[in-house]
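In the working numbering, the protein residues as written are 170 to 509.
Everything below concerns the one structure shown next.
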């Protein structure tokens with residue numbers, strides 16, 4: 170009888186301890202439904218990213234990366250644009266580019282256009298944006314008039330200005346009628362004036378885009394900052410220098426990046442107004458003009474492809490350097506805010 174009672178007590182103690190062990194094990198292990206839900210959520214997120222970004226990535230690979238690789242391939246050949254390239258020249262095309270005085274000249278012209286675009290359009294756009302940000306009569310009309318040239322086709326702009334700036338065009342005729350005939354000039358043919366004529370046309374064409382960007386940046390600055398500075402006795406110019414320009418810095422830097430890339434790839438206006446050959450003597454030729462003149466027009470597509478690759482590399486290096494040293498702070502702020 171005592172043995173039976175002892176056995177039952179042992180069984181009871183064992184049965185009482187078992188649920189505790191099992192409960193601890195169950196509580197220590199992760200809940201399978203929750204882990205599976207997290208895995209499904211991550212898989213769904215990856216699928217959404219693939220579906221949304223997939224078409225853009227495919228288009229970028231097909232229309233950007235593949236043509237660059239194809240141009241790099243053709244750049245190793247002396248190829249006339251038809252048939253399979255067979256005349257292998259290796260790096261001779263690239264060596265010729267770097268030693269050609271004509272390419273060095275167009276590289277200098279392109280760099281000068283880049284610097285002048287930043288120096289002329291940037292301050293002018295900031296001044297116009299500050300003016301148009303005030304409550305003045307006809308502000309909306311002025312904004313539209315400034316922005317209209319930007320939306321006009323480059324072909325129309327180039328054709329119109331080329332007709333007005335000829336020796337017997339509207340500009341010289343207007344100067345003659347208002348008594349300033351001594352100022353008449355060969356605006357397109359004179360090498361001392363042609364580059365400045367080009368800069369005037371470029372500024373007139375693209376200043377509207379810069380002004381719109383600056384106005385958008387000004388609208389994002391809280392009015393309370395200006396009111397507080399005015400209460401503290403700051404003058405108008407002190408407010409613009411100490412508050413407006415620093416807070417407008419990210420917008421200015423983004424516009425500067427777009428202006429630099431556009432200057433490096435400038436082609437259409439120069440080609441329409443001066444053409445691939447007159448631009449060389451007038452001092453307005455660019456790398457893109459040189460590429461077309463030496464490539465397609467000369468029937469040497471291999472050399473033209475090599476020039477295109479050099480242009481791509483120059484633009485890429487400039488973009489990376491600008492992003493590294495100028496846009497770094499803005500990009501870091503964007504990434505930090507996104508992470509939060």
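In this text, a Cβ means the ideal position worked out from N, Cα and C, and glycines have one as well.
Predicted, not measured: the structure shown is a model, and the values here were computed from it.
Residue i vs residue j beta-carbon contact at 8 angstroms
{"i": "residue 414", "j": "residue 386", "result": "no"}
{"i": "residue 334", "j": "residue 356", "result": "yes"}
{"i": "residue 294", "j": "residue 412", "result": "no"}
{"i": "residue 301", "j": "residue 311", "result": "yes"}
{"i": "residue 371", "j": "residue 265", "result": "no"}
{"i": "residue 382", "j": "residue 420", "result": "yes"}
{"i": "residue 247", "j": "residue 233", "result": "no"}
Proximal residues to residue i (C-beta, below 6 angstroms), its chain only, five neighbours per side dropped
{"i": "residue 341", "result": "353"}
{"i": "residue 198", "result": "Note that residue 198 scores 49 on pLDDT, short of 50, meaning its location in the model is unreliable; the coordinates nonetheless yield the value given after this. Nothing meets the Cβ criterion."}
{"i": "residue 478", "result": "240, 241, 244"}
{"i": "residue 367", "result": "453"}
{"i": "residue 306", "result": "none"}
{"i": "residue 210", "result": "none"}
{"i": "residue 263", "result": "475"}
Rounded Cβ spacing between residue i and residue j (contact assumed at less than 8 angstroms)
{"i": "residue 448", "j": "residue 441", "result": "About 10 angstroms separates the two Cβ atoms, so there is no contact after all."}
{"i": "residue 452", "j": "residue 398", "result": "With 8 angstroms as the limit, residue 452 and residue 398 do not qualify as a contact, their Cβ atoms being about 46 angstroms apart."}
{"i": "residue 315", "j": "residue 344", "result": "With a Cβ gap of about 25 angstroms, residue 315 and residue 344 do not count as contacting."}
{"i": "residue 470", "j": "residue 249", "result": "6 angstroms"}
{"i": "residue 476", "j": "residue 463", "result": "6 angstroms"}
{"i": "residue 326", "j": "residue 374", "result": "6 angstroms"}
Close beta carbons around residue i, own chain, < 8 angstroms, minus the five adjacent residues each side
{"i": "residue 466", "result": "445"}
{"i": "residue 279", "result": "432, 433, 435, 455, 456"}
{"i": "residue 195", "result": "Confidence at residue 195 is low in this model, with a pLDDT of 46, below 50, so the placement of that residue should be treated as unreliable; the coordinate-derived value is given next. Closer than 8 angstroms at the Cβ level, and outside the excluded window around residue 195, lies no residue."}
{"i": "residue 500", "result": "492"}
{"i": "residue 407", "result": "398"}
Nearest candidate by alpha-carbon position, reference residue i, set the options
{"i": "residue 390", "options": "432, 438, 483, 409", "result": "409"}
{"i": "residue 238", "options": "483, 360, 267, 474", "result": "474"}
{"i": "residue 497", "options": "358, 426, 438", "result": "426"}
{"i": "residue 485", "options": "463, 439, 430, 443", "result": "430"}
{"i": "residue 261", "options": "394, 374, 245", "result": "245"}
{"i": "residue 494", "options": "307, 423, 394", "result": "423"}
{"i": "residue 291", "options": "247, 328, 384", "result": "384"}
{"i": "residue 359", "options": "328, 285, 450", "result": "450"}
{"i": "residue 379", "options": "318, 255, 222, 394", "result": "318"}
{"i": "residue 134", "options": "253, 225, 392", "result": "Given a span of 170 to 509 for the chain in the structure shown, any question on residue 134 remains unanswerable."}
{"i": "residue 282", "options": "369, 256, 499", "result": "369"}
{"i": "residue 480", "options": "267, 299, 225, 226", "result": "267"}
{"i": "residue 388", "options": "299, 346, 407", "result": "299"}
{"i": "residue 251", "options": "500, 468, 499", "result": "468"}
Contact set for residue i: own chain, Cβ-Cβ below 7 angstroms, skip 5 residues either direction
{"i": "residue 428", "result": "286, 287, 290"}
{"i": "residue 338", "result": "332"}
{"i": "residue 350", "result": "344"}
{"i": "residue 443", "result": "357, 451, 453"}
{"i": "residue 324", "result": "441"}
Residue i CB to nearest heavy atom of the ligand ADP below 7 angstroms
{"i": "residue 214", "result": "Within the structure as shown, the ligand ADP is missing, as the structure has no ligands at all."}
Residue-chain proximity (residue i, chain C), Cβ-Cβ < 8 angstroms
{"i": "residue 290", "result": "The structure shown contains no chain C; it is built from a single protein chain."}
Worksheet item: Does the pairing of the region 450–469 with the region 264–282 give three or more beta-carbon distances under 8 angstroms?
Response: yes
Item to complete: Taking 8 angstroms as the threshold, find out whether the region 403–414 comes into contact with the region 489–502 through three or more Cβ pairs.
Response: no
Fill in: Inter-stretch contact at 8 angstroms, needing at least 3 Cβ pairs: the region 202–215 / the region 424–439
no
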